[in-house]
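Read the structure below first, then the notes.
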Amino acid sequence: MGENIKISTKKVNVFYGDKKALENISLEIPEKKVTSLIGPSGCGKSTFIRCLNRMNDTIDICRIEGKIIIDNEDIYANEIDPVLLRAKVGMVFQKPNPFPKSIFENVAYGPRIHGLAKSNDELDELVTNSLIKAGLFEEIKDRIHEPGTSLSGGQQQRLCIARTIAISPQIILMDEPCSALDPIATAVIEELIDELAKNYTIVIVTHSMQQAARVSQQTAFFHMGNLIEVGRTDQIFSTPSQKKTQDYITGKIG
Amino acid sequence: MKEHIVTTYDEDLNSLKSNLTKMGLNVEKQIFQAVDLIKIINISKAKEVIENDKGIDALEKKIRGFATITLSKRQPLADDLRQIIISLKISSILERIGDHASNVAGRILSVKKAPETYRTDSIHQLGILVLKNFSTALSAFDQESKEIAQSVPTEDIAINSIYETCFREHLHLMMEDRDIIGFCTQMLFIAKELERIGDLSKVISKEVIYNLQGTLK
Amino acid sequence: MNSNLDKVKLSLIKRKREEALFRFYGLVGIISAILFLIIILYSVISQGQKAFFTTFIKVDVYFDSEIIDPENKRNSEDIQFADFGTIISESLKRKFPHISDKSDVRELASFISTSEADNLAEFIVKNKNYIGESKIMWLLASSTIDVIVKNPEMEKLIEEDRLISDKQLDWLNQIKSNNELKRELNKNFFTKADSTEPEQAGIWGSLVGSFLTLIITLILSFPVAVAAGVFLEELAPKNKFTEFLEVNINNLAAVPSIIFGLLGLAIFLNIMHLPRSAPIVGGMVLALMTLPTIIIATRSSLKSVPPSIREAAIGLGATKFQSVIDHVLPLAIPGIMTGTIIGMSRALGESAPLLMIGMVAFIVDAPGSFLDSSTALPVQIYLWKSTAARGFVELTAAGVIVLLAFLILMNGLAVFLRQKFEKKW
């Protein structure tokens, strides 16, 4: 495709105990583009995305084989610290989960624990910039010390996005970020994704084909733990090469 | 064909196709009547052909409305999307073919009677070929067959060369007998309409191929 | 369609009846409980509040210098040891001049509490100018008189069952009719420790004892239990050993408290030779008893924090420990406080383990430090209950009231703290 590859997975297999959740996934994620992962429920796309920032480490029975390479480093190598990895690879979850603290504290938490701001003024600036980039600042600038949980669903999700970009990750993973939001909030987030893609590599899991078609440049279709097809988004949704892909995106049984 | 999980979706697509097929058959009948009129001039039949064209226009409107609703309702992708897009295109092409057939009948009306000295049958033969190729294109759509579709442009080459022959022939006729210039001119117009129908049939076959493989050949 | 609705209607009648029955039982239960509570509280308070007041008798005390300071030396030490008891009995005799019989004089003298002799001594030492003078003073009545005054129905009993003789009853009635009797707040109860004389016995000693003991309990059990709960729930690996540990902790919460007392006796007293009856030992024993309760409460409230908060913190690059301390623990605090309240309330009211480590001794002074011998509220109540003197009956009930008040105060504080930390998510 002529662009840099940011994440490269090679023959990744994931097991939950004895059950195999992902089979032989080899996928390349290009830099500073949006890649969407689609597929029916239980196909493994959420499992896959959670491997990219080693969130699956928190699940005891989850076992991973294969290589996941980010910036020429296998992130599952022994010397890699997952905590450090997560400063580089941020995540936004399906249900907005702001901390029960003030809006300011929510965004400031990441920079605080990683020591990114040397003074209170720097921290203030960091928080403000993140909120601006997330398109939330104007709406809440007068109540930045009110609890994050007092915001609407769409605002909360943008707060979570602000929180994630406050630590300046290079990659942002989004696991169905709009599934709990109304259409207008969804549109706002999609607009935000367009903007963010200029500076971050984005991987988004979505149930909505139309959303994947709208926001992403590359789409990967998962089915029952297998990667069925990956390619340019406009091709996948107009002339997919695999029958399974076509059946899924047109809503046929499969 | 694999079925959609939502059965009404299948019903919608089938309904769209059957309406198109119906429109195609109606247009085929119009062409048949028009070609026949070239051989035997019948004023009342000509008027009938012109009148029937309204029905074809109405069908085109119906199909367009239905396709639009299906697009907004189903947000189709891949083959479903292509199918609906070509339904829109083919219905508009059929409507234009219908117009051309109606124009032929209109020309016949203004001619009223063939002069004694006009002996040639060539335009009628041209019409028969055009009708046949149109029917082929229609079958290609109905049967979703790439092979059948591919034969149409090939045949159209022959049609075009026959048209050229007709044209030169009538020029000769007009040069030899100045009395039949008026009549021959009208016949030439009719030949032009037939040639246009031939071209449009080729377009139909190309749309069918697009639907089947996703790229225009 | 209709038949379905009919079936539903039928079943609805039955269901509603079941629910109404259940509600009725619930109501009966609650009303009975409230009734019992009212009865208990009424009997305790009506009995106990008598102890908050005590009887004083007006006496014109003549500080006979012959008895106090015969040599007129005004030496404080000598004065201290003078026979003030005689001063009192002489002053009383003047009230009833016709009494001369020695046994009668003794019976009269027994009207006044023996503590007053020392009180008067202290008074004279500070106010030597009163030597040789008279002063009208309200002296503390003895317990037997106090009991009769508080329970007038006892006057009707025959002499054998009544605590005082007929003669004494006469004198008492005379004193009453001369308005020389008054009832005042029983300062002794609130300021003194235990005593053999009921009118001199107070709750202060055991109150201080309980307070010191509970401070030790809180300091030892709370941090350790919360840390243990956090470790076991969040940071420890999940294997057979930790499961075994969890089962054991749960069981420990149900162990009879006296076992902990035995443990304290064996280890803290016999092996470590810590001072017997001291709040520090009592606190340590109670801390052992309270630990499992708080650990269990900590674990369960940590479990109830939604995993989405943890994921959010970890997704931002927090370590597991950071995510727990910064986010999970603050949200778990209300539950932990509840467990602490339960644990500490139990510790306040437990007497069995304290008996085992010796906090049952008769202590006349309030403890001054964590190492002094002391007793605790529940033990004090138990001791008073077991003592023969009639005057202790009201004291026991009063002790219960104080215990309840202490409990309510402690819980109130904890609830207040819990409210402050209550966060919504």
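Residue numbers (the working numbering), protein chains in the order written: chain A, 13 to 266; chain B, 3 to 219; chain C, 927 to 1351.
Here a beta-carbon is modelled for each residue, glycine too, at the ideal position from N, C-alpha and C.
- In terms of beta-carbon proximity, Q1248/C lines the interface with chain A, with at least one pair separated by less than 8 Å.
- DSSP lists I184/A as the bridge partner or partners of G102/A.
- At a cut-off of 8 Å between beta-carbon atoms, K57/A makes no contact with chain C.
- For V95/A, the nearest CB of chain C lies under 8 Å from its own CB, placing it at the interface with that chain.
- A residue is called buried when at least 16 other Cβ atoms come within 10 angstroms of its Cβ; T1168/C does not meet this threshold and is exposed.
- Your pair A1204/C and D1298/C checks out as a contact, with CB atoms roughly 6 Å apart and the cut at 8 Å.
- In this structure, I92/A places its C-beta atom within 8 Å of the C-beta atom of E85/A.
- Counted as a single uninterrupted DSSP element, the beta strand (DSSP E) harbouring R244/A occupies residues 238–244.
- In this structure, T47/A lies away from P112/A, with their beta-carbon atoms at least 8 Å apart.
- Around the C-beta of V1181/C, fewer than 16 other C-beta atoms lie within 10 Å, and the residue is accordingly described as exposed.
- Using a Cβ-Cβ distance cut-off of 8 Å, the region 1182–1202 of chain C and the region 1235–1249 of chain C are not in contact, since fewer than three pairs of beta carbons, one from each stretch, lie closer than that value.
- Excluding its 5 nearest sequence neighbours in each direction, E171/B has C-beta neighbours in its own chain below 8 Å: T122, S124, listed in chain order.
- When the beta-carbon positions are compared, V51/B and S104/B come within less than 8 Å of each other.
- Residue contact check for Q77/B against chain A: a CB pair falls below 8 Å.
- Rounded to whole angstroms, the Cβ separation of D1027/C and I1013/C is 20 Å, and the two are not in contact under 8 Å.
- Chain-order list of chain B residues neighbouring T251/A: A80, D81, R84, Q215, G216, T217, by C-beta distance under 9 Å.
- Take the alpha-carbon of I1005/C and the one of T1143/C: they are about 46 Å apart.
- Contact between A174/A and A146/A holds, with the beta-carbon distance rounding to 4 Å and staying under 8 Å.
- Under the Cβ criterion of 8 Å, Y11/B is counted among the residues facing chain A.
- In chain order, M67, T70, R98 make up the part of chain A whose C-beta sits under 8 Å from the C-beta of I1240/C.
- Residues are counted here when their Cβ sits less than 8 Å from a Cβ of chain B; for the region 222–253 of chain A these are Q222, A225, F249, S250, T251, P252, given in chain order.
- Beta-bridge analysis with DSSP links Q230/A to T47/A, R244/A.
- Per DSSP, the continuous beta strand (DSSP E) segment holding V215/A begins and ends at 213–217.
- Membership of F185/B in the alpha helix (DSSP H) is indicated by the continuous run 183–215.
- Following the DSSP letters along the chain, one finds F27/A inside the beta strand (DSSP E) bounded by residues 17–28.
- Taking 7 Å as the cut-off between beta carbons, the residues of the region 108–124 of chain A near chain C are N109, F111, P112, Y121, G122, in sequence order.
- Under DSSP, W1064/C takes part in a beta bridge, and its partners are K984/C.
- Bridge pairing for C74/A: Y28/A [DSSP].
- Within the region 6–32 of chain B, the residues whose Cβ lies closer than 8 Å to any Cβ of chain A are, in chain order, H6, I7, V8, Y11.
- Taking the beta carbon of T1168/C as reference, no residue of chain A falls within 9 Å; the closest one sits roughly 12 Å away.
- Where E50/B is concerned, the enclosing alpha helix (DSSP H) starts and stops at 45–76.
- By the rule that beta-carbons nearer than 8 Å mark a contact, R75/A does not touch chain C.
- Boundaries for E1048/C: no beta strand (DSSP E) harbours it, while the alpha helix (DSSP H) harbouring it runs 1041–1052, taken from the DSSP string.
- The C-beta of S1039/C has 16 or more other C-beta atoms within 10 Å across all chains shown, which makes the residue buried.
- When CB distances to chain C are screened at a threshold of 8 Å, the residues of the region 173–202 of chain A falling below it are R175, T176, I179, in chain order.
- Secondary structure note for E1110/C: its beta strand (DSSP E) is the uninterrupted segment 1107–1111.
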